[in-house]
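Student: Sharing a structure, written as structure tokens. Questions coming.
In this note's numbering, the protein residues as written are 21 to 302.
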């Protein structure tokens with residue numbers, strides 16, 4: 021019990037129990053629900069299943085606001101969450117215990133200070149949130165299988181957990197298991213890529229006609245060529261999280277738009293989704 025309360029991973033016995041519950045039929049059906057998992061090699065498939073079982077054994081899943089948790093829901097979330105650490109140590113997800121699922125989007129309190137120093141408090145609708153040392157919160161409506169999108173809220177929020185494991189939320193995950201990647205190299209490529217993307221976003225937004233609301237769907241044609249969602253320009257933490265989403269879900273756009281950053285992420289995650297998805301489509 022103390023092991024679970026401290027946020028450490030479950031003992032191997034419990035992981036093996038979860039693994040035994042994931043039959044070949046159950047696993048195949050779950051994998052088929054996520055288009056971005058196409059092309060997994062047998063060893064990758066096994067590694068993903070093992071990390072999935074670790075998550076199911078190590079984290080407490082809670083449904084709120086009437087959401088009835090099922091085994092299929094927990095399995096789907098765990099599969100998506102396991103993908104970033106498929107070739108990494110699950111210890112990177114230690115230090116916290118709970119995954120909370122809402123039926124759909126939820127409200128979170130926010131506060132901003134304007135130029136006059138006045139604090140403005142408001143409620144913002146969200147589809148996911150990762151607390152430093154605390155739970156990870158998700159909207160099931162935005163995480164369920166079958167969604168074909170450039171976004172993935174589960175991968176996004178678990179990327180924040182990887183970031184927070186390294187230190188602060190600054191786009192700098194732990195590189196302790198990556199002797200081939202120096203902190204200096206990561207920071208250099210991160211900053212250069214962030215600046216390049218931010219400049220591209222400004223150019224795209226400047227090209228939007230004045231009669232088009234840049235926040236509306238009508239602006240999409242001017243933003244569609246960007247390698248990432250505009251939210252990536254918020255700060256380094258969001259750049260890393262949004263990039264991780266794109267890396268696994270829409271890798272071609274990221275690899276072509278920010279090749280140096282994609283290559284660094286491929287070395288960090290020890291995966292190449294662009295190659296994997298390209299081969300699977302042939």
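By construction, the Cβ of each residue, glycine as well, lies at the ideal position given by its N, Cα and C atoms.
Would you mind sorting residue 71 into buried or exposed? The rule is 16 or more other CB atoms within 10 Å of its CB.
Tutor: The residue is buried, with at least 16 neighbouring Cβ atoms inside 10 Å.
Student: So, using beta-carbon positions, are residue 318 and residue 161 closer together than 7 angstroms?
Tutor: No answer is possible for residue 318: it lies beyond the span of the chain, which begins at 21 and ends at 302.
Student: For residue 92, which residues in the same chain have their Cβ closer than 8 angstroms to its Cβ, ignoring the five residues on either side in sequence?
Tutor: These residues qualify, in order along the chain: 50.
Student: So is residue 76 buried or exposed if we call it buried at 16+ other beta carbons inside 10 Å?
Tutor: Burial call: buried.
Student: So, using beta-carbon positions, are residue 279 and residue 293 closer together than 7 angstroms?
Tutor: Not closer than 7 angstroms, so no.
Student: Please work out which residues of its chain come closer than 7 angstroms, Cβ to Cβ, to residue 78, disregarding the five sequence neighbours upstream and downstream, and give them in chain order.
Tutor: 29 and 30.
Student: State yes or no: is the C-beta of residue 201 within less than 7 angstroms of the C-beta of residue 195?
Tutor: Contact flag set, yes.
Student: Given 8 angstroms as the limit, is there contact between the region 62 to 70 and the region 117 to 126, that is, 3 or more CB pairs closer than that?
Tutor: With the cut-off at 8 angstroms, the region 62 to 70 and the region 117 to 126 do not touch.
Student: In whole angstroms, give me the CA-to-CA distance for residue 136 and residue 254.
Tutor: Their Cα atoms are separated by approximately 21 angstroms.
Student: Under the rule that 16 or more other beta-carbon atoms within 10 Å means buried, what is residue 299, buried or exposed?
Tutor: By the 10 Å Cβ count, residue 299 comes out exposed.
Student: For a quick check, are the C-beta atoms of residue 214 and residue 259 less than 7 angstroms apart?
Tutor: Cβ atoms of residue 214 and residue 259: closer than 7 angstroms.
Student: Considering only the beta carbon of each residue, do residue 166 and residue 147 sit closer than 7 angstroms?
Tutor: Not closer than 7 angstroms, so no.
Student: Judging by CA-CA distance, which residue of 168, 105, 113 and 106 is the nearest neighbour of residue 184?
Tutor: Answer by Cα proximity: 113.
Student: Who are residue 120's beta bridge partners in DSSP?
Tutor: Answer by DSSP bridge pairing, in chain order: 82 and 157.
Student: Rounded to whole angstroms, what's the CA-CA distance from residue 268 to residue 251? Just pull it up for me.
Tutor: Using only the alpha carbons, I get a separation of about 17 angstroms.
Student: To the nearest angstrom, how far is it from the Cα of residue 266 to the Cα of residue 34?
Tutor: One C-alpha to the other measures close to 33 angstroms.
Student: DSSP on residue 127, reduced to helix/strand/coil?
Tutor: Reduced to three states, the DSSP call for residue 127 is strand.
Student: Using a Cβ-Cβ cut-off of 7 angstroms (strictly less than) and excluding sequence neighbours within five positions of residue 153, which residues of its own chain qualify?
Tutor: Hits under 7 angstroms: 115 and 116.
Student: Kindly indicate the opening and closing residues of the beta strand (DSSP E) around residue 135.
Tutor: That residue, residue 135, is in no beta strand (DSSP E); it is neither H nor E in DSSP.
Student: Exposed or buried, which one is residue 289 when buried takes at least 16 other CB atoms within 10 Å?
Tutor: The residue in question, residue 289, is buried, as its Cβ has 16 or more Cβ neighbours within 10 Å.
Student: Assign residue 253 to one of three DSSP states: helix, strand, or coil.
Tutor: If DSSP states are grouped into helix, strand and coil, residue 253 belongs with the helices.
Student: So, for residue 24: in the same chain, excluding its five sequence neighbours on each side, which residues have a beta-carbon less than 6 angstroms away from its beta-carbon?
Tutor: Only weak support is given to the placement of residue 24: the predicted model assigns it a pLDDT of 45, under 50, and the question is left unresolved by the model.
Student: Assuming the contact rule is C-beta atoms closer than 8 angstroms, residue 274 and residue 246 should be a hit. Round their C-beta distance to whole Å, please.
Tutor: Residue 274 to residue 246, Cβ: 10 angstroms. No contact.
Student: DSSP three-state label for residue 146, please.
Tutor: In the structure shown, residue 146 sits in a strand (DSSP, three-state: E or B).
Student: Given residue 286, which residues of its chain have a CB within under 7 angstroms of its CB, disregarding the five upstream and five downstream residues?
Tutor: Excluding residues within five positions, the ones whose Cβ falls inside 7 angstroms are 292.
Student: If we call anything under 7 angstroms between Cβ atoms a contact, is residue 73 one with residue 95?
Tutor: Against a cut-off of 7 angstroms, the Cβ pair of residue 95 and residue 73 comes out as no contact.
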